[in-house]
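Peer 1: From first to last, the protein sequence lines are chains A and B.
If you read the first sequence in our numbering, its first letter stands for residue 155, the second for the next number, and so on.
If you read the second sequence in our numbering, its first letter stands for residue 385, the second for the next number, and so on.
Got a structure here, written out as structure tokens. Questions coming.
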Amino acid sequence: MTRLPWWIRDLIYLAVGVAILIGLSYGLTAIPITGIAYYNRILVIMGINITLAVSLNIINGHAGQFSLGHAGFMAIGAYFAAFLTLYYFGPWVDKMPEGSTQHWIAQNGLLLVAVLLGGLLAAIAGYLVGLPSLRLRGDYLAIVTLGFGEIIRVVILNVEKIGAARGLSGIPPWSNFFWVFFFAALTVLISNRLVNSSVGRAFLAIREDEIAAEAMGVDATRYKVKAFIIGSFLAGAAGGLFAHYTPAYLNPTMFTFIKSFEVIAMVVLGGLGSISGSVLAAVILTFLPEGLRMVKDYIPGGKDPRMVIYSIMLIVLMLTRPQGLLGRRELWEVLRKRKDAPVKDAVDEDEEKASPPIQ
Amino acid sequence: MQTILQNLLNGIAAGAIYALIALGYTMVYGILKLINFAHGDVFMLGSFMGFYSARWYAKLTHQAGAPEPSWVMAAVILLFAMIACGLFGFLNERIAYRPLRNAPRIASLITAIGVSFLLEYGGQFVFGPDPKFFPTLVDKHLITFGGITTTNYQLIVLVVALAFMALLQYIVYGTKFGRAMRAVSYNFETASLMGIPTDRVISTTFVLGSVLAAVAGILYGLAYPKIDPLMGVMPGLKAFVAAVLGGIGNVPGAMVGGLLIGLIEAFVGGSSFSNYRDAIAFIILIVILLFRPSGLFGKYQAEKV
Chain A
155 MTRLPWWIRD
165 LIYLAVGVAI
175 LIGLSYGLTA
185 IPITGIAYYN
195 RILVIMGINI
205 TLAVSLNIIN
215 GHAGQFSLGH
225 AGFMAIGAYF
235 AAFLTLYYFG
245 PWVDKMPEGS
255 TQHWIAQNGL
265 LLVAVLLGGL
275 LAAIAGYLVG
285 LPSLRLRGDY
295 LAIVTLGFGE
305 IIRVVILNVE
315 KIGAARGLSG
325 IPPWSNFFWV
335 FFFAALTVLI
345 SNRLVNSSVG
355 RAFLAIREDE
365 IAAEAMGVDA
375 TRYKVKAFII
385 GSFLAGAAGG
395 LFAHYTPAYL
405 NPTMFTFIKS
415 FEVIAMVVLG
425 GLGSISGSVL
435 AAVILTFLPE
445 GLRMVKDYIP
455 GGKDPRMVIY
465 SIMLIVLMLT
475 RPQGLLGRRE
485 LWEVLRKRKD
495 APVKDAVDED
505 EEKASPPIQ
Chain B
385 MQTILQNLLN
395 GIAAGAIYAL
405 IALGYTMVYG
415 ILKLINFAHG
425 DVFMLGSFMG
435 FYSARWYAKL
445 THQAGAPEPS
455 WVMAAVILLF
465 AMIACGLFGF
475 LNERIAYRPL
485 RNAPRIASLI
495 TAIGVSFLLE
505 YGGQFVFGPD
515 PKFFPTLVDK
525 HLITFGGITT
535 TNYQLIVLVV
545 ALAFMALLQY
555 IVYGTKFGRA
565 MRAVSYNFET
575 ASLMGIPTDR
585 VISTTFVLGS
595 VLAAVAGILY
605 GLAYPKIDPL
615 MGVMPGLKAF
625 VAAVLGGIGN
635 VPGAMVGGLL
645 IGLIEAFVGG
655 SSFSNYRDAI
665 AFIILIVILL
675 FRPSGLFGKY
685 QAEKV
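What follows is the structure, given as structure tokens:
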């Protein structure tokens with residue numbers, strides 16, 4: 155049986171995904187449950203977190219370049235997309251009659267344009283940040299990316315046009331469940347395609363041993379920068395979607411390095427290099443603080459211990475599964491292992507444990 | 385000229401505090417190759433331990449309200465904060481880092497971030513999120529010489545910080561323990577084969593680093609008496625930058641790096657770019673790392689195949 159070309163198969167997957175998403179997004183608004191907006195919001199935040207985690211996983215998990223500046227890329231995408239819609243696209247769309255097809259198409263089309271342009275600017279920043287990674291390794295790269303994220307934040311704090319320290323409000327709230335999950339699905343698809351391509355193989359080779367990869371003819375420099383560009387583009391897009399989701403308000407304090415830490419916690423908790431692991435961890439770490447809201451009722455004095463419990467659980471999870479929930483495998487590989495228990499996985503497990511303690 | 389001298393003095397005082405924190409980062413990194421992100425929050429813990437011990441001290445000596453400033457009290461609360469933070473550093477290493485010694489390095493990094501979150505959110509939960517006012521430990525008075533005005537606080541910060549740095553320098557380069565520490569940092573496995581109790585050395589390193597962070601916390605409380613559970617985030621980050629700047633893993637490098645960051649910030653803060661004060665440390669870091677990828681004093685190590 156001949157298989158269809160990969161891009162046709164991907165387009166079919168995407169079409170099916172879009173159909174499901176449209177169904178879901180209409181379904182979710184139609185369910186008559188009180189507080190559905192709250193659940194809807196958590197789901198949307200979850201979708202954004204999935205995009206962030208999977209995109210960071212390309213840089214950290216696949217290419218093995220330790221980046222702590224993801225919040226910075228997200229901030230660039232968010233602010234640039236919001237700037238475009240607030241000052242240029244929004245007023246233009248507002249001139250059209252509310253509720254008309256024309257209005258609807260312009261709104262969604264321009265949201266897409268703004269989000270993609272936001273991603274593009276973030277990708278340019280990713281290119282600039284990727285450049286030092288030519289010379290820096292490991293922890294030095296980590297601190298440079300972290301510093302870069304902080305520089306972005308301080309610059310935003312000082313630009314009056316985008317709200318400075320007050321934050322940017324009045325962004326058109328165009329983003330919705332559909333777009334957020336469309337991008338999440340797209341990110342997973344891109345990431346999955348990437349890791350099985352020659353580029354992805356080069357990423358993995360660099361992660362495992364950069365010198366050996368270079369000796370085998372992999373242009374490590376080019377691929378590392380590539381990983382940064384792809385990862386930061388998707389993070390920027392996630393930021394753009396976040397900016398346009400109700401309450402459509404941005405503040406520089408949302409994009410401190412704490413945000414980067416949250417994303418990296420998702421990637422590592424899921425298992426570095428595991429796409430489904432990143433998705434799983436993003437889901438868990440988004441719902442965990444929300445699920446802990448009820449604990450507050452049992453604490454006298456109205457103090458909220460959920461973030462304390464969250465951090466303790468993060469520590470305990472890392473102590474019990476240091477290689478992440480799924481290790482380097484994907485969810486289906488883990489599930490399949492239960493049935494056949496192949497020898498290969500036993501070797502994998504050993505390798506994870508036997509990584510050198512100190513270099 | 386006067387403003388330059390003034391900025392110089394402010395910068396050195398702030399830089400001395402950064403240097404004390406940076407030492408903890410650099411020692412732990414030198415030995416475990418672990419960026420202990422919780423270290424900035426240990427500094428916060430030191431400040432709060434000082435704050436509460438001053439209250440207890442007032443109660444013990446039957447003083448109503450704020451305790452009377454005195455050198456004895458300053459010494460007592462400094463000691464208390466050092467012991468409390470040292471204990472925390474010990475437990476932290478035992479519980480959160482030691483079980484992950486043989487795991488991938490990134491796992492302990494995430495645990496460190498978890499501990500940092502725990503201290504920040506736990507601090508907000510236990511101490512309350514509002515800023516608190518650090519008690520006056522010693523009477524404040526102005527000192528003027530050569531046209532510049534300073535307070536005795538800045539001098540105290542400088543003297544105490546330098547004294548502790550000198551002490552650390554002695555411990556690392558002049559004692560048997562220091563030699564063991566350097567050996568472990570040079571090669572962990574060989575050191576343990578040579579009979580060095582690596583676990584004990586690592587524990588002690590954590591305790592030393594946390595004690596220095598406590599000293600920094602008290603000095604910070606003295607100089608800038610508004611403390612809150614998130615106060616450790618920025619100084620912690622900048623101290624880490626200082627450690628990288630000096631060449632991470634290098635003890636004198638951390639001191640120089642801390643002073644440099646303090647000075648640069650003071651001069652930028654006094655210029656027309658003062659809004660960019662928080663970014664400047666990172667900009668300089670990036671520029672320096674581009675030309676010297678392993679910091680100012682770090683040794684460039686050729687990668688072994």
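Glycine included, C-beta positions come from ideal geometry on N, C-alpha and C.
If you draw a straight line from the C-alpha of A:Pro454 to the C-alpha of B:Phe509, how long is it?
Peer 2: For the purposes of this step, residue 454 of chain A is taken as the residue at position 300 of the first sequence. For the purposes of this step, residue 509 of chain B is taken as the residue at position 125 of the second sequence. Approximately 12 angstroms, taken between the alpha carbons.
Peer 1: Please list the residues of the stretch 416-438 of chain A that have a C-beta atom closer than 8 angstroms to any C-beta atom in chain B, keeping them in chain order.
Peer 2: Ile418, Ala419, Val422, Leu423 and Leu426
Peer 1: Measuring only between beta-carbons, confirm whether B:Val635 sits less than 8 angstroms from chain A.
Peer 2: Locating residue 635 of chain B in the second sequence gives position 251, where the first residue counts as 1. It does not; no Cβ of chain A falls within 8 angstroms.
Peer 1: Where does A:Ala508 fall in DSSP's three states?
Peer 2: On the first sequence, position 354 is the one that residue 508 of chain A refers to. Reliability of the predicted coordinates at A:Ala508 is poor, the pLDDT of 42 falling under 50, and the value obtained from them is presented with this limitation in mind. Correct three-state label for A:Ala508: coil.
Peer 1: For A:Glu220 and A:Arg291, I'd like the C-alpha separation in whole angstroms.
Peer 2: Within the first sequence, numbered from 1, the residue matching residue 220 of chain A stands at position 66. Within the first sequence, numbered from 1, the residue matching residue 291 of chain A stands at position 137. Here the sequence assigns Phe to residue 220 of chain A, which means Glu is not the residue at that position. Distance between the alpha carbons of A:Phe220 and A:Arg291: 8 angstroms.
Peer 1: Would you report the Cα separation of B:Tyr557 and B:Ala567, rounded to the nearest angstrom?
Peer 2: Taking the second sequence and counting its residues from 1, one reaches residue 557 of chain B at position 173. Taking the second sequence and counting its residues from 1, one reaches residue 567 of chain B at position 183. Taking the straight line joining both Cα atoms gives about 11 angstroms.
Peer 1: Determine the chain A residues that contact B:Thr495 at a beta-carbon separation under 9 angstroms, and present them in chain order.
Peer 2: Your numbering for residue 495 of chain B matches position 111 in the second sequence. Chain A residues near B:Thr495: Leu468, Ile469, Met472, Leu473 and Pro476.
Peer 1: Is A:Lys498 buried or exposed, if buried means 16 or more other CB atoms sit within 10 Å of its CB?
Peer 2: As a first step, residue 498 of chain A is located in the first sequence; it is residue number 344 there, counting from the start. A caution first: A:Lys498 carries a pLDDT of 45, below 50, which makes its placement in the model too unreliable to give a value.
Peer 1: Using a Cβ-Cβ distance cut-off of 8 angstroms, determine whether B:Leu407 contacts chain A.
Peer 2: Counted from its first residue, the second sequence places residue 407 of chain B at position 23. Chain A contact via Cβ: absent.
Peer 1: I need the DSSP call for A:Ile325, collapsed to helix, strand or coil.
Peer 2: As a working note, residue 325 of chain A is residue 171 in the first sequence. DSSP places A:Ile325 in coil when its eight states are reduced to three.
Peer 1: Excluding the five sequence neighbours on either side, which residues of its own chain have a C-beta within less than 6 angstroms of the C-beta of B:Ser437, listed in chain order?
Peer 2: To locate residue 437 of chain B, count along the second sequence from 1; it is residue 53. Cβ neighbours of B:Ser437 beyond the five flanking positions: Ile461 and Phe464.
Peer 1: Using the Cα positions of A:Leu426 and B:Thr588, report the straight-line distance between them to the nearest angstrom.
Peer 2: Here residue 426 of chain A is taken as the residue at index 272 of the first sequence, counted from 1. Here residue 588 of chain B is taken as the residue at index 204 of the second sequence, counted from 1. Answer to the nearest angstrom: the Cα atoms are 31 angstroms apart.
Peer 1: From the beta carbon of A:Arg289, is the nearest beta carbon of chain B less than 8 angstroms away?
Peer 2: The residue labelled residue 289 of chain A in the question sits at position 135 within the first sequence. Yes - at least one Cβ of chain B is within 8 angstroms of the one on A:Arg289.
Peer 1: Is it right to say B:Tyr537 is buried, meaning 16 or more other beta carbons lie within 10 angstroms of its own, or is it exposed?
Peer 2: Taking the second sequence and counting its residues from 1, the one referred to as residue 537 of chain B is at position 153. With 16 or more Cβ atoms within 10 Å of its Cβ, B:Tyr537 is classed as buried.
Peer 1: Apply the 10 Å Cβ neighbour rule to B:Ala525 and answer buried if 16 or more other Cβ atoms are within range, or exposed otherwise.
Peer 2: Residue 525 of chain B sits at position 141 when you count from the first residue of the second sequence. One point to set straight first is that residue 525 of chain B is His, not Ala, in the sequence displayed. B:His525 is exposed by the Cβ-count criterion.
Peer 1: For chain A, check one thing: does any of its Cβ atoms lie closer than 8 angstroms to the Cβ of B:Gly399?
Peer 2: Position 15 of the second sequence, counting from 1, holds the residue named residue 399 of chain B. For B:Gly399, the answer is no, since every Cβ of chain A falls outside 8 angstroms of its Cβ.
Peer 1: Which residue spans inside the stretch 511-586 of chain B form an unbroken beta strand (DSSP E) run of at least 3?
Peer 2: 526-529 and 532-535
Peer 1: Which runs of the alpha helix (DSSP H) at least 4 residues long sit entirely within the stretch 286-373 of chain A? Give them in chain order.
Peer 2: 292-311, 331-349, 352-362 and 364-369
Peer 1: Which residues does DSSP list as the beta-bridge partners of B:Ile611?
Peer 2: In the second sequence, counting from the first residue as 1, residue 611 of chain B sits at position 227. BP columns for B:Ile611 point to B:Lys516.
Peer 1: Per DSSP, what kind of secondary structure is A:Leu404 in: helix, strand or coil?
Peer 2: Your numbering for residue 404 of chain A matches position 250 in the first sequence. Strand.
Peer 1: Starting from the Cα of B:Ile645, find the closest Cα among B:Ser655, B:Gly633, B:Leu669 and B:Ala480 and give me that residue.
Peer 2: In the second sequence, the residue the question calls residue 645 of chain B occupies position 261. Among B:Ser655, B:Gly633, B:Leu669 and B:Ala480, the Cα nearest to that of B:Ile645 belongs to B:Leu669.
Peer 1: According to DSSP, is B:Gly682 part of a helix, a strand, or is it coil?
Peer 2: Residue numbering aside, residue 682 of chain B sits at position 298 when the second sequence is read from its first letter. B:Gly682 sits in coil when the DSSP states are folded into three classes, being neither helix nor strand.
Peer 1: Looking at C-alpha atoms only, which residue of A:Ile360, A:Gly303, A:Leu423 and A:Asn330 is the closest neighbour of A:Val269?
Peer 2: Within the first sequence, residue 269 of chain A is the residue found at index 115, counting from 1. Ranking the options by Cα distance to A:Val269, first place goes to A:Asn330.
Peer 1: Is the Cβ of A:Gly189 closer than 8 angstroms to any Cβ of chain B?
Peer 2: Within the first sequence, residue 189 of chain A is the residue found at index 35, counting from 1. It does not: the Cβ of A:Gly189 has no partner Cβ on chain B nearer than 8 angstroms.
Peer 1: In whole angstroms, what separates the C-alpha of B:Tyr660 from that of A:Ile310?
Peer 2: What you label residue 660 of chain B is simply residue 276 of the second sequence in a count that begins at 1. What you label residue 310 of chain A is simply residue 156 of the first sequence in a count that begins at 1. In a straight line, the C-alpha of B:Tyr660 is about 10 angstroms away from that of A:Ile310.
Peer 1: Which class does B:Leu673 belong to by DSSP, given the choice of helix, strand or coil?
Peer 2: Reading the second sequence from its first residue, position 289 is the one you call residue 673 of chain B. Three-state DSSP puts B:Leu673 in a helix.
Peer 1: Report yes or no: is there a C-beta of chain A within less than 8 angstroms of the C-beta of B:Ile632?
Peer 2: Counting from 1 along the second sequence, the entry for residue 632 of chain B is found at position 248. Yes, B:Ile632 lies at the interface with chain A (some Cβ there is under 8 angstroms from its Cβ).
Peer 1: For the alpha helix (DSSP H) containing A:Pro443, list its first residue and its last residue.
Peer 2: Locating residue 443 of chain A in the first sequence gives position 289, where the first residue counts as 1. For A:Pro443, the uninterrupted alpha helix (DSSP H) segment begins and ends at Ile429 to Gly445.
Peer 1: Please list the partners that A:Ser465 has in chain B, where partner means a Cβ-to-Cβ separation under 7 angstroms.
Peer 2: As a first step, residue 465 of chain A must be located in the first sequence, where it is residue number 311. Within chain B, the residues near A:Ser465 are Gly498, Phe501, Leu502 and Tyr505.
Peer 1: Which of helix, strand or coil does DSSP assign to A:Ser254?
Peer 2: Locating residue 254 of chain A in the first sequence gives position 100, where the first residue counts as 1. Coil, per DSSP.
Peer 1: Report the option in A:Pro459, A:Gly263 and A:Gly280 whose CA atom is closest to the CA atom of A:Val247.
Peer 2: Along the first sequence, one-based indexing puts residue 247 of chain A at 93. Nearest of A:Pro459, A:Gly263 and A:Gly280 to A:Val247, Cα basis: A:Gly263.
Peer 1: Taking buried to mean at least 16 other C-beta atoms within 10 Å of its own C-beta, is A:Pro326 buried or exposed?
Peer 2: In the first sequence, counting from the first residue as 1, residue 326 of chain A sits at position 172. So A:Pro326 counts as buried.
Peer 1: Of all the CB atoms in chain B, is at least one closer than 8 angstroms to the CB of A:Pro186?
Peer 2: The residue labelled residue 186 of chain A in the question sits at position 32 within the first sequence. Taking Cβ atoms only, chain B never reaches closer than 8 angstroms to A:Pro186, which makes this a no.
Peer 1: Restricting to Cα atoms, I'd like to know which of A:Val198, A:Leu197, A:Val208 and A:Tyr192 is closest to A:Ser432.
Peer 2: As a working note, residue 432 of chain A is residue 278 in the first sequence. Among A:Val198, A:Leu197, A:Val208 and A:Tyr192, the Cα nearest to that of A:Ser432 belongs to A:Val208.
Peer 1: Is the stretch 374-393 of chain A close to the stretch 229-239 of chain A, with three or more CB pairs under 8 angstroms?
Peer 2: yes
Peer 1: If you drop the 5 nearest sequence neighbours on each side, which residues of the same chain put their C-beta closer than 7 angstroms to that of B:Ala575?
Peer 2: Along the second sequence, read from residue 1 onward, the residue named residue 575 of chain B stands at position 191. Closer than 7 angstroms at the Cβ level, and outside the excluded window around B:Ala575, lie Ala567, Val568 and Thr582.
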